[in-house]
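Residues in the sequence shown are numbered from 376 upward in steps of one, following my numbering.
Take a look at the structure below.
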Amino acid sequence: MISWDCGPAFPVSFTHRLQMPDFMPASKDLTIVMYRGAANRVVERFTVTDMVGKVCIVTGSNSGIGKETAAELAGMGATVVMVVRNRERGEAAMQEIIQRHPAAVLDLLIADLSIVSEIRRAAAEFKARYSRLDVLINNAGGVSSKRTLTPDGLEETFAINYIAPFLLTHELMDTLISSAPSRVIVVSSTAHTMGKVDLNDLQSENGFSSLRTYANAKLMSLMFTYELARRLRGTGVTVNALHPGLVASNFGKGSRIIRFFYRIARPFEISSRKGAETSVYLASSPEVEGMSGEYFYRCKPKKSSEASYDLGTQRSLWLATESILASIGIEIKEQTSSPVS
Numbered sequence: 376m377i378s379w380d381c382g383p384a385f386p387v388s389f390t391h392r393l394q395m396p397d398f399m400p401a402s403k404d405l406t407i408v409m410y411r412g413a414a415n416r417v418v419e420r421f422t423v424t425d426m427v428g429k430v431c432i433v434t435g436s437n438s439g440i441g442k443e444t445a446a447e448l449a450g451m452g453a454t455v456v457m458v459v460r461n462r463e464r465g466e467a468a469m470q471e472i473i474q475r476h477p478a479a480v481l482d483l484l485i486a487d488l489s490i491v492s493e494i495r496r497a498a499a500e501f502k503a504r505y506s507r508l509d510v511l512i513n514n515a516g517g518v519s520s521k522r523t524l525t526p527d528g529l530e531e532t533f534a535i536n537y538i539a540p541f542l543l544t545h546e547l548m549d550t551l552i553s554s555a556p557s558r559v560i561v562v563s564s565t566a567h568t569m570g571k572v573d574l575n576d577l578q579s580e581n582g583f584s585s586l587r588t589y590a591n592a593k594l595m596s597l598m599f600t601y602e603l604a605r606r607l608r609g610t611g612v613t614v615n616a617l618h619p620g621l622v623a624s625n626f627g628k629g630s631r632i633i634r635f636f637y638r639i640a641r642p643f644e645i646s647s648r649k650g651a652e653t654s655v656y657l658a659s660s661p662e663v664e665g666m667s668g669e670y671f672y673r674c675k676p677k678k679s680s681e682a683s684y685d686l687g688t689q690r691s692l693w694l695a696t697e698s699i700l701a702s703i704g705i706e707i708k709e710q711t712s713s714p715v716s
């Protein structure tokens, strides 16, 4: 079953559901045209894709928009590898998805993505099990209420929201390139508009605020998206980011300032299923085939903050990240097949 509703195309809420027939060939595109009123006015037209044969990774998929993203892609026929930190919660999420989609093909990888050795182990385990990767969705995120260091000596919010997608994508890049056309998707946040990149203090050593540190990390992840998209020109791998919307969840429950913000914003919150729609769209829609280096909201390209487009800072941030990883024994090798311009 496919459930798709990408924003306010018309005044009333709309969800279209269809069952892919058994005789449909893999990767068959269907165009759905919706009509309304006596005049049969076209109010919405979109294309959905059967994902049978596609292999997708969704990080942070035991709850929230990650779980909904995994469920929708599995319902479209994709093999979905769920990367989660807690096995018990991951297995429970898998069972929920199977109840919704009995034919779902799911796999589980256990990894704490705030720890670089676990990121590398998860990538190695994936490559031992699978020979291709069509979609990588870097969805996992989090925020610490106080400045906390990971076992690698990295600030925790910085590690999970920025280093994790940077390193996991790097570790899987050879498989993504060999599977092209393939897609990398980074779940960012409108919070990036409040962030800044201080190349002399990337890890909030000179003053920590949970909200500010989170915003900074989301800005970094967005700048990583743009820089990586340039570096991968000509490879067949596209890289895009998105803001899922203000999703009702337990996110940031350890931070008083973020809890306060969510209480104020509660009337504007959306469900996790609604928040997953743009991730699913970017993972599956033929409408974005070949599009790269974009930021999406409600399934449409949107301008991100002015600071996020600073080419000099993007490149400097990349080099600074390479240096941070090198300091803990990880070398980032260039894997592009065309010159960076």
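Glycine included, C-beta positions come from ideal geometry on N, C-alpha and C.
Please read these numbers as outputs of a predicted model, since none were measured by experiment.
Burial state of residue i, where buried means 16 or more other Cβ atoms lie within 10 Å
| i | result |
| --- | --- |
| Pro556 | exposed |
| Leu597 | buried |
| Ile703 | exposed |
| Leu524 | exposed |
| Thr461 | Correcting the residue type first, residue 461 is Asn in the shown sequence and not Thr. With fewer than 16 Cβ atoms within 10 Å of its Cβ, Asn461 is classed as exposed. |
| Asn581 | exposed |
| Lys429 | buried |
| Leu594 | buried |
| Pro526 | exposed |
| Val408 | Residue placement at Val408 cannot be trusted, given a pLDDT of 48 that sits under 50; what the coordinates show is reported in the next sentence. Val408 is exposed by the Cβ-count criterion. |
| Ser489 | buried |
| Arg558 | buried |
| Gly450 | buried |
| Asp509 | buried |
| Leu574 | exposed |
| Ser506 | exposed |
| Glu665 | Per the sequence shown, the amino acid found at residue 665 is Gly instead of Glu. Burial call: exposed. |
| Lys452 | The residue asked about is misnamed: residue 452 is Gly in this sequence, not Lys. Looking at its Cβ environment, which holds 16 or more other Cβ atoms inside 10 Å, Gly452 is buried. |
| Arg504 | exposed |
| Ser402 | With a pLDDT of 41 at Ser402, under the threshold of 50, the predicted position of this residue should be treated as unreliable, and no value is reported. |
Cβ shell of residue i (< 7 Å), same chain only, five flanking positions each side left out
| i | result |
| --- | --- |
| Asp397 | Annotation note: pLDDT 37 at Asp397 (below 50); position unreliable, coordinate value reported separately. If we look at Asp397 and ignore the five residues flanking it on each side, it has no Cβ neighbours. |
| Ile707 | His545, Glu697, Leu700 |
| Arg522 | Glu530, Ser579, Phe583 |
| Ala446 | Ile472, Arg475, His476 |
| Val612 | Leu551, Ile552, Ala555, Ser557, Val559 |
| Gln689 | Met598, Tyr601, Glu602 |
Minimum Cβ-Cβ distance from residue i to chain B less than 8 Å
| i | result |
| --- | --- |
| Leu686 | Any reference to chain B falls outside this structure, which holds one protein chain only. |
For residue i, the nearest candidate out of the options (CA to CA)
| i | options | result |
| --- | --- | --- |
| His476 | Glu443, Arg522, Gly428 | Glu443 |
| Leu694 | Lys678, Ile645, Leu577, Thr653 | Leu577 |
| Lys502 | Glu709, Leu617, Thr688, Leu551 | Leu551 |
| Asp482 | Leu686, Met469, Ile705 | Met469 |
| Leu511 | Tyr601, Asn615, Glu466, His567 | Asn615 |
| Val572 | Asp685, Ala534, Ala478, Leu508 | Asp685 |
| Val562 | Thr610, Leu547, Asn536 | Asn536 |
| Asp549 | Thr610, Thr454, Gln689, Arg504 | Thr610 |
| Ala478 | Leu617, Val427, His618, Arg504 | Val427 |
| Leu547 | Cys431, Asp425, Gly687, Pro676 | Cys431 |
DSSP bridge partner residues for residue i (one or two, in chain order)
| i | result |
| --- | --- |
| His618 | Tyr672 |
| Asn536 | Per DSSP, none; premise fails for Asn536. |
| Leu607 | The partner list for Leu607 (beta bridge, DSSP) is empty, contrary to what the question assumes. |
| Asn513 | Val561 |
| Thr653 | Answer is none; Thr653 lacks a bridge partner. |
| Asp482 | Val456 |
| Thr434 | Val458 |
| Val612 | Ser557 |
| Glu530 | Leu524 |
Contact test: residue i Cβ vs the ligand SAM heavy atom, cutoff 7 Å
| i | result |
| --- | --- |
| Ile705 | Of ligands this structure carries none, so the ligand SAM is not represented either. |
Nearest-angstrom Cβ-Cβ length linking residue i and residue j, presumed shorter than 8 Å
| i | j | result |
| --- | --- | --- |
| Ile440 | Ala651 | 4 Å |
| Leu448 | Ser680 | No, Leu448 and Ser680 are not in contact; Cβ-Cβ is about 29 Å, not under 8 Å. |
| Ser683 | Tyr601 | 7 Å |
| Leu543 | Ala499 | With 8 Å as the limit, Leu543 and Ala499 do not qualify as a contact, their Cβ atoms being about 11 Å apart. |
| Ser564 | Ala604 | Not a contact, Cβ separation roughly 18 Å. |
Other residues of its chain near residue i: CB distance less than 6 Å, five sequence neighbours each side excluded
| i | result |
| --- | --- |
| Ser647 | Gly439, Ile440, Glu443, Val622 |
| Thr532 | Val518, Ser519, Thr588, Tyr589, Ala592 |
| Gly620 | Ile645, Gly650 |
| Ala515 | Thr434, Gly435, Leu488 |
| Glu709 | none |
| Phe599 | Phe541 |
| Ala534 | Ser489, Thr525 |
| Arg676 | One detail in the question is off: residue 676 reads as Pro in this sequence, not Arg. Contacts found: Glu669. |
| Gly528 | none |
| Val480 | Thr454 |
Cβ neighbours of residue i in the same chain (closer than 8 Å, five flanking residues each side left out)
| i | result |
| --- | --- |
| Lys678 | Tyr670 |
| Ala721 | Not covered by the structure: residue 721. The range shown for the chain is 376 to 716. |
| Arg496 | Ala486 |
| Asn437 | Met457, Val459, Arg460, Asn461, Arg464, Gly465, Ala467, Ala468 |
| Ile705 | Val491, Arg495, Leu542 |
| Leu617 | Ile560, Val561, Val562, Ser563, Thr653, Ser654, Leu657, Tyr670, Phe671, Tyr672 |
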